[in-house]
Amino acid sequence: MNMEFLQHYWWILISLLGGLLVFLLFVQGGQTLLYTIAKTEDERNVLVNSLGRKWEFTFTTLVVFGGAFFASFPLFYSTSFGGAYLAWMVVLFCFVMQAVSYEYRRKAGNLLGERTYNVFLIINGVIGTICIGAVVGSFFTGNPFKLGEMNDVTWMSPWRGIEVLFNFANICLGLAIFFLARTLASLYFMNNIKHDAIYERSKKQVLYNSVPFVILLLVFLGIILTSKGYAIMEDKSIQLVQYKYFHNLLEMPLNTLMLLLGVVGVLFGIIKSIITPHWRKGIWFSGIGIVLAVIALFIVAGFNNTAFYPSYTDLNSSLTIYNASSSYYTLKTMAYVSLVSPIVIAYIFYAWRALNKKQIDIQDVQEDHHAY
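See the structure below:
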């Protein structure tokens, strides 16, 4: 294992974690539907308890994603979290609100009341998904920072990361992730909840949210594929190259095939769920599809001599998988540790199946004194 192999290997693992995180954001999407799909308090409690069985998967994946980035590409971690800390603080605060809400929402004697915690869950679902999508969008559109001789970061904007929301392409991706999360949540409710009215309302939400998701994603892809990208030149400098990300698609056909397979999987799960009565497996086709699609997009952003965290104020401060990675010894040691990942994934799959063994209904929530 040479250094270049390890750098690519760890970017693939980061991409996989990113794909899993985007899929698991269906929990956040479901929280924004509490007053749309549910019409009574009992129905709302069913939705919350269905999501409550999975919210820790999302939170844990977010932490592991950040930890893996810190261990494998520490310069990105110090640059982004050290410079764009306001954006990350907003995301982390939203997830703290989520954890507190699931813990105290229906506890006797809580000071804020159940409705307040419902609002917290909705805030987490809206702001958390849009901000994560916008930050990922900046992997293509760039950020305003400059690195010093000792790799100290100077953020060239007083907004400290919030400026990602001022970029149209970033906003398109952020909103696309938001509507995707709501679409996946609706598919998840159709699969996980035994309630005819909730099933029918969820099916309508699949249609209502998948349309803006597809439109916004196409707009984002259209912008980045037709604009300039941040390329690593032969002298290791960073330069803007027209159609760079489109060239990445052409020059990495296997990755492009994975992107297309992912898109087909997502669309198949959505369309079949809409047109087929009582079909409940759309979450699996769309879920696997979105993981594949996100992995492919991350690879487009980081492979083929491309800067994955570019700076538009100082091009040569842009971060690549080569200049932002850990040492050879660290990457190699962690690569051996990562070999246990299939065991962890198998455990998550087992735990998921155990939690989904029986569809949840209103009676379960009413009888469970430990319900969320």
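Residue numbers for the sequence shown follow my numbering, so the first one is 99 and each next one is one higher. Ideal placement from N, C-alpha and C gives every residue a C-beta, glycine not left out.
Looking at the DSSP output, A329 bridges to Q337 and T404. When C-beta atoms of the stretch 397-404 are compared with those of the stretch 127-139, fewer than three pairs fall below 8 angstroms, so the two segments do not count as touching. Relative to A197, the option among G180, E154 and Y286 whose CA is nearest is E154. In this structure, the CA atom of G327 is about 37 angstroms from the CA atom of K152.
Assignment of beta-bridge partners to L245 by DSSP yields V251. Per the coordinates, the alpha-carbon of E212 lies some 23 angstroms from the alpha-carbon of S300. Counting C-beta atoms within 10 angstroms of its own C-beta, N353 has 16 or more neighbours from the protein chains shown and is therefore classed as buried.
If the five residues before and after V188 are omitted, its C-beta is found closer than 8 angstroms to the C-beta atoms of I225, C229 and I260, all from its own chain and listed in chain order.
Residue A169 holds the alpha-carbon nearest to the alpha-carbon of Y427 among L357, L282 and A169.
In terms of CA proximity to F237, S409 leads the group P440, F447, T227 and S409. DSSP places S384 within a helical segment (H, G or I) once states are collapsed to three. For M350, no alpha helix (DSSP H) run applies, since DSSP gives it neither H nor E. Looking only at A279, M248 and P242, the smallest Cα-Cα distance to V312 is reached by A279. Bounds of any alpha helix (DSSP H) do not take in K137, whose DSSP letter is neither H nor E. In the structure shown, I419 falls within a coil segment according to DSSP collapsed to helix, strand and coil. The alpha carbon of S416 has as its nearest neighbour, out of L123, A329 and S308, the alpha carbon of A329.
Among the bridge pairs identified by DSSP, I291 is matched with I458. For V392, the CB contacts under 6 angstroms within the same chain, skipping 5 residues up- and downstream, are G116, G117 and V120 in chain order. Here the alpha carbons of E201 and M101 stand approximately 44 angstroms from one another. In the structure shown, the three-state DSSP call for S409 is strand.
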